[in-house]
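Residue numbers (this note's numbering), protein chains in the order written: chain U, 2 to 232; chain W, 2 to 232. Below is one structure, written out as structure tokens, with a few remarks after it.
2 protein chains.
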Amino acid sequence: MDYRAFKKIYGASNNDISREVYKNNQNTIQIKKEETAVNNLEKIFDAVFHISYKKGFQAMSMRDLSQRTGMSLGSLYAYFKGKKDLLEIIQTQGWMIIKKDLEQVLKAYDPPGERLKAIIKAHVFLSELFRPWFYFTFMEARNIEAAKSMEDHNQKILTQILKAGETQGVFKSGDHDLTASMIKAMQQEWYLKRWKYKKLNISVDQFADHLVRLMEAFCLSQESTKVGKGE
Amino acid sequence: MDYRAFKKIYGASNNDISREVYKNNQNTIQIKKEETAVNNLEKIFDAVFHISYKKGFQAMSMRDLSQRTGMSLGSLYAYFKGKKDLLEIIQTQGWMIIKKDLEQVLKAYDPPGERLKAIIKAHVFLSELFRPWFYFTFMEARNIEAAKSMEDHNQKILTQILKAGETQGVFKSGDHDLTASMIKAMQQEWYLKRWKYKKLNISVDQFADHLVRLMEAFCLSQESTKVGKGE
DNA sequence: GTCTATAGAGCGATAGAC
DNA sequence: GTCTATCGCTCTATAGAC
Numbered sequence: 002m003d004y005r006a007f008k009k010i011y012g013a014s015n016n017d018i019s020r021e022v023y024k025n026n027q028n029t030i031q032i033k034k035e036e037t038a039v040n041n042l043e044k045i046f047d048a049v050f051h052i053s054y055k056k057g058f059q060a061m062s063m064r065d066l067s068q069r070t071g072m073s074l075g076s077l078y079a080y081f082k083g084k085k086d087l088l089e090i091i092q093t094q095g096w097m098i099i100k101k102d103l104e105q106v107l108k109a110y111d112p113p114g115e116r117l118k119a120i121i122k123a124h125v126f127l128s129e130l131f132r133p134w135f136y137f138t139f140m141e142a143r144n145i146e147a148a149k150s151m152e153d154h155n156q157k158i159l160t161q162i163l164k165a166g167e168t169q170g171v172f173k174s175g176d177h178d179l180t181a182s183m184i185k186a187m188q189q190e191w192y193l194k195r196w197k198y199k200k201l202n203i204s205v206d207q208f209a210d211h212l213v214r215l216m217e218a219f220c221l222s223q224e225s226t227k228v229g230k231g232e
Numbered sequence: 002m003d004y005r006a007f008k009k010i011y012g013a014s015n016n017d018i019s020r021e022v023y024k025n026n027q028n029t030i031q032i033k034k035e036e037t038a039v040n041n042l043e044k045i046f047d048a049v050f051h052i053s054y055k056k057g058f059q060a061m062s063m064r065d066l067s068q069r070t071g072m073s074l075g076s077l078y079a080y081f082k083g084k085k086d087l088l089e090i091i092q093t094q095g096w097m098i099i100k101k102d103l104e105q106v107l108k109a110y111d112p113p114g115e116r117l118k119a120i121i122k123a124h125v126f127l128s129e130l131f132r133p134w135f136y137f138t139f140m141e142a143r144n145i146e147a148a149k150s151m152e153d154h155n156q157k158i159l160t161q162i163l164k165a166g167e168t169q170g171v172f173k174s175g176d177h178d179l180t181a182s183m184i185k186a187m188q189q190e191w192y193l194k195r196w197k198y199k200k201l202n203i204s205v206d207q208f209a210d211h212l213v214r215l216m217e218a219f220c221l222s223q224e225s226t227k228v229g230k231g232e
């Protein structure tokens, strides 16, 4: 599976996400007309990501946000209760995106070799699709307990795949927790340093394939140097 | 070389760094007695790292810093011209630490196989020694051009080692830029997510060794599966 | 005429600077 | 302690759709 194929299956637009946010927060959002609300939420998130990327969420003032969205301060406060609330909405939504789609991928692949490959690629492709959400969540949630347990959760999925593979003789034995950590670090690299890969002219498919080959070189036991034809 | 050995050779204390900062900024620092200045600078840096870790540098107020250092606001302004100036001092010093020590390591090892191993480990050990400096620089300088060119510089060192190794038949051919990026990502993992490794009870030596083995599995050409006895 | 969404002056609190 | 700028946020008047 390459990025194009992945996008067709799991791809959601920014508009879809904003609509989901609207539906999940109808009690606090004071706007009645769905289309108006969804369009403005999209503008707000875009602006938050843009400003936060440049100077961080804490340093972003509500007036910055007002200027970039073209909305007034009063309007903005019709969409969220306060700056803190806005942060929480974005983080919650970010985690929901990741969790939902990764679970779907897990269900679709079974043998450890294929599953590892699929989950590694899916995470990279997801972070490409929703890069601003991933970047924002990483940078602005680093110390929140919820973020740590999210990272733990994702890592355990990888660890379990590696263990299952060892049991079946497909993967070498080793410190699977440590290996899973390394995988996570490299996955994060893609959305944390996009500027670098733009400069080097490396595509998301090249990156994901390289990562998969790297892990296969380390994990696959000698006998099974060519696993299924996959894809 | 393990962490203990590395520490003996390259280890500098926080006091040493503060003294270096004092000497590099004697024109702006208004304190004349060196010992007083150095001790207070150490206190200031400690406090900045602690507060910034919890809520980010932007969100740290000068009053926060005053409270945690036990120094008055007026005293603090005798050590730096303003909050912006303080940020720059820390970043500049952080980069000097990394650059100086990595260059020393480069000089000490020559064959690509040994050199790659040494530079990977040295970076991890350095980030363990000066973790607050590394973490702060990563988080608070992400968008500064200087930080990007620093990352580029470190990556090129790795790329060149990989290329030299390929020429000598020690390493496989491949996209060395991409491989170097992956190494950098995993090195950063160590200081960005220390809480994780504390929880998993993984030492810096275990981490560094695992990283080296992972890269050797991917990079070493078949014929040379056991390089020198190193260390 | 009614109701929704918006505008933007203005509030108290607090920031950095000295 | 003081000064000024700016912060997050509130509030009321009003514009515009139906």
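A virtual CB, placed ideally from N, CA and C, is assigned to each residue, including glycine.
Count the CB pairs spanning the region 113-120 of chain W and the region 60-71 of chain W that are closer than 8 Å, and state whether there are at least three.
no
Indicate the three-state DSSP secondary structure (helix, strand or coil) for residue 58 of chain W in the structure shown.
coil
Given that residue 212 of chain W touches chain U, what residues does it touch there, using C-beta distances under 8 Å?
183
What are the uninterrupted segments assigned as alpha helix (DSSP H) that are 4 or more residues long and contained completely in the region 58-89 of chain W, given in chain order?
63-70 and 74-77
Could you check which residue in W:213, W:87 and W:124 has the C-alpha nearest to that of residue 180 of chain U?
W:213
For residue 193 of chain W, which residues in the same chain have their Cβ closer than 8 Å to its Cβ, ignoring the five residues on either side in sequence?
136 and 139
Just to confirm before moving on: does the CB-CB distance between residue 20 of chain W and residue 39 of chain W stay below 8 Å?
yes
Using the rule of at least 16 other Cβ atoms within 10 Å of the residue's Cβ for burial, across every protein chain shown, is residue 141 of chain U buried or exposed?
buried
Which of helix, strand or coil does DSSP assign to residue 131 of chain U?
coil
Residues near residue 18 of chain U by beta carbon distance below 6 Å, same chain, minus five either side
none
Taking residue 127 of chain W as the query, report the chain U residues whose CB atoms sit under 9 Å from its CB, ordered along the chain.
Neighbours of residue 127 of chain W on chain U: none; closest Cβ ~17 Å, over 9 Å.
Kindly list, in the order they appear in chain U, the residues whose Cβ is closer than 8 Å to that of residue 208 of chain W.
179
Going by the beta-carbon positions, is the gap between residue 219 of chain W and residue 215 of chain U smaller than 8 Å?
yes
With distances taken from CA atoms, which of W:30, W:165 and W:151 is nearest residue 93 of chain W?
W:151
Who are the neighbours of residue 313 of chain U on chain W, taking C-beta pairs under 7 Å?
Lying outside 2 to 232, the shown extent of chain U, residue 313 of chain U is not represented and no answer is given.
Among U:97, U:16, U:7 and U:9, which has the Cα closest to the Cα of residue 46 of chain U?
U:16
For chain W, find out if any of its Cβ atoms is closer than 8 Å to the Cβ of residue 187 of chain U; answer yes or no.
yes
Report yes if the CB atom of residue 123 of chain U is closer than 8 Å to the CB atom of residue 106 of chain U, and no otherwise.
yes
I want to verify the contact list: residues of chain U whose CB lies under 9 Å from the CB of residue 13 of chain W, in sequence order.
Under the 9 Å cutoff, chain U gives no residues; its nearest Cβ is about 27 Å from residue 13 of chain W.
Sufficient close CB pairs (3 or more, under 8 Å) joining the region 56-67 of chain W to the region 30-39 of chain W
no
Is the number of C-beta pairs between the region 164-175 of chain U and the region 194-210 of chain U that are closer than 8 Å three or more?
no
Residues of the region 57-89 of chain U whose Cβ lies closer than 8 Å to any Cβ of chain W, in chain order:
57, 59 and 60
For residue 201 of chain U, does the three-state DSSP call read helix, strand or coil?
coil
Rounded straight-line distance, which links the Cα of residue 184 of chain W to that of residue 128 of chain U:
20 Å
Find the residues of chain W that neighbour residue 201 of chain U, judging by a C-beta separation of less than 7 Å, and give them in chain order.
178
Between residue 1 of chain U and chain W, is there a C-beta pair that is closer than 8 Å?
In the structure as shown, chain U starts at 2 and stops at 232, and residue 1 of chain U therefore has no counterpart that could be examined.
Would the beta-carbon of residue 207 of chain W fall within 8 Å of that of residue 121 of chain W?
no
Give a yes or no on whether the minimum CB-CB distance between residue 50 of chain W and chain U is below 8 Å.
no
Other residues of its chain near residue 95 of chain U: CB distance less than 6 Å, five sequence neighbours each side excluded:
134 and 138
Is any beta-carbon of chain W found at less than 8 Å from that of residue 190 of chain U?
yes
Return the chain-ordered list of same chain residues with a C-beta closer than 6 Å to the C-beta of residue 167 of chain U, the five sequence neighbours on each side being excluded.
174
Does residue 24 of chain W come within less than 8 Å of chain U when only Cβ atoms are used?
no
Over what stretch of residues does the alpha helix (DSSP H) that includes residue 5 of chain U continue unbroken?
4-11
Determine the direct distance from the alpha carbon of residue 102 of chain W to that of residue 14 of chain U, and round the result to whole angstroms.
46 Å
At 7 Å on the CB atoms, spell out the chain W contacts of residue 172 of chain U, in chain order.
Here the premise fails: no neighbours, minimum Cβ distance about 12 Å.
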